[in-house]
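The block underneath contains the structure these notes are about, expressed in structure tokens.
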Amino acid sequence: MAVSPGKELGLIIKPPTVSSSVKVAEYLKSQKFESLFLNLPRSLDGLVAEYMMGMKYEDLVEEVRRRKLLPEPVESWLREYEPLLRNLREKGVEVFTFCYREDKAFEAEAKASIEAALLVLRDSITGKVSLDRWLKLLTSQAHTANLTRREADYILDESSNYDKNICIAGFEGRDLKKYLGKEMGTWIRYIGLPYHFTPLEVLRRELLLKEVSEERMRELIKEHIRFIREMVVPKDLENAILEWTKKKLYWQAGALRMEGRDG
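Sequential numbering from 12 applies to the sequence shown in this note's numbering.
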């Protein structure tokens with residue numbers, strides 16, 4: 012789809028943490044934009060728009076629960092987005108919001124997260140890595156090129172009515188830019204860095220890029236189980252990710268200065 016000249020879309024790429032959402036909210040205060048694309052399922056689009064027009068956040072959560080738009084506990088699935096949504100409302104930012112993730116893709120990711128948690132529990136009890144189950148789970152989670160293209164087409168279609176647009180994405184946002192950049196002016200800004208991928212995220216990416224040995228898969232799965240047991244369970248996910256990143260990037264003196272904008 013061709014977009015009129017002069018229209019622009021900025022991609023804000025962030026890790027899946029609450030702290031990064033707080034930083035995104037602060038950054039958006041300094042930006043002038045007309046539309047904001049959120050990496051939430053499209054089924055939430057109308058409710059998020061209602062929230063921006065005055066609905067209480069607690070009512071938003073309860074309505075999502077009533078309509079069964081997200082798995083329980085609903086608060087956990089929305090936690091990453093809460094500071095961003097609250098901040099936009101509190102600052103009186105007037106912007107059109109769009110949730111661009113495909114519902115089926117989001118549902119599949121949510122289901123996979125639950126299955127991964129159950130596999131961690133199973134393998135922790137048995138002391139053995141259920142390699143076939145993990146491999147089936149990870150290969151089913153691939154963010155395919157077709158899915159990225161469809162989401163990019165949706166963003167292009169909706170953003171065509173506005174001159175200044177911003178889209179919030181995870182690290183798959185780099186793939187979105189490949190499609191969006193062909194049709195309109197785009198830029199990328201990374202917020203919430205440094206961030207080190209968890210062992211399971213590392214394995215998922217390696218499986219997409221190359222053939223991975225059974226030994227390497229077992230190594231990363233065992234490391235992921237330790238990450239959950241020793242960091243996530245006692246500290247919660249947010250603090251576990253922070254500690255994990257510090258542990259893995261301790262050698263990188265300039266890590267705290269990694270945020271920035273690419274063209």
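For glycine and all other residues, C-beta sits at the position ideal for the given N, C-alpha and C.
*State yes or no: is the C-beta of W88 within less than 8 Å of the C-beta of A121?*
yes
*In DSSP terms, what S46 is bridged to*: Beta-bridge analysis with DSSP links S46 to F107 and N176.
_Whole-angstrom distance between G196 and S54, CA atom to CA atom_ = 28 Å
*How should D134 be labelled, buried or exposed, when 16 other C-beta atoms within 10 angstroms of its C-beta is the threshold for buried?*
buried
*Taking the runs of the alpha helix (DSSP H) that are 4 residues or longer, which of them lie wholly in the region 200–265?*
Contiguous alpha helix (DSSP H) elements confined to the region 200–265 occur at 210–220, 225–238 and 248–259, taking only those with 4 or more residues.
*asked:* What does DSSP give as the partner residue(s) for E19 in the beta ladder?
replied: For E19, which the question treats as bridged, DSSP gives the partners K175 and G196.
_For P52, list the residues DSSP reports as bridge partners._
BP columns for P52 point to R112.
*Alpha carbon to alpha carbon, what distance is there between W255 and P210?*
10 Å
*Limits of the alpha helix (DSSP H) - the one that P94 falls within*: E93 to E101 is the span of the alpha helix (DSSP H), which, as asked, contains P94.
*asked:* Going by DSSP, what residue range makes up the alpha helix (DSSP H) through T295?
replied: Absent from the model: residue 295. The displayed extent of the chain is 12 to 274, so no value can be given.
*Assuming E162 and E113 form a contact by the criterion Cβ under 8 Å, report the distance between their Cβ atoms to the nearest whole angstrom.*
6 Å
_Neighbour-count burial assignment, Y68, 16 or more Cβ in a 10 Å radius_ = Counting every other CB atom within 10 Å of its CB across the protein chains shown gives Y68 a total below 16, marking it as exposed.
*Any 3 or more C-beta pairs closer than 8 Å across the region 236–243 and the region 57–72*: By the C-beta criterion, the region 236–243 is judged not to be in contact with the region 57–72, since fewer than 3 inter-stretch pairs fall below 8 Å.
*Taking C-alpha atoms, which residue in E74, V72, E217 and L95 lies nearest to N50?*
Among E74, V72, E217 and L95, the Cα nearest to that of N50 belongs to L95.
*Could you give the C-beta distance for S46 and N176, rounded to a whole number, given that I count them as a contact under 8 Å?*
5 Å
*Which whole-angstrom value is the C-beta distance of I202 and Y92, which I expect to be below 8 Å?*
That pair is no contact at about 14 Å.
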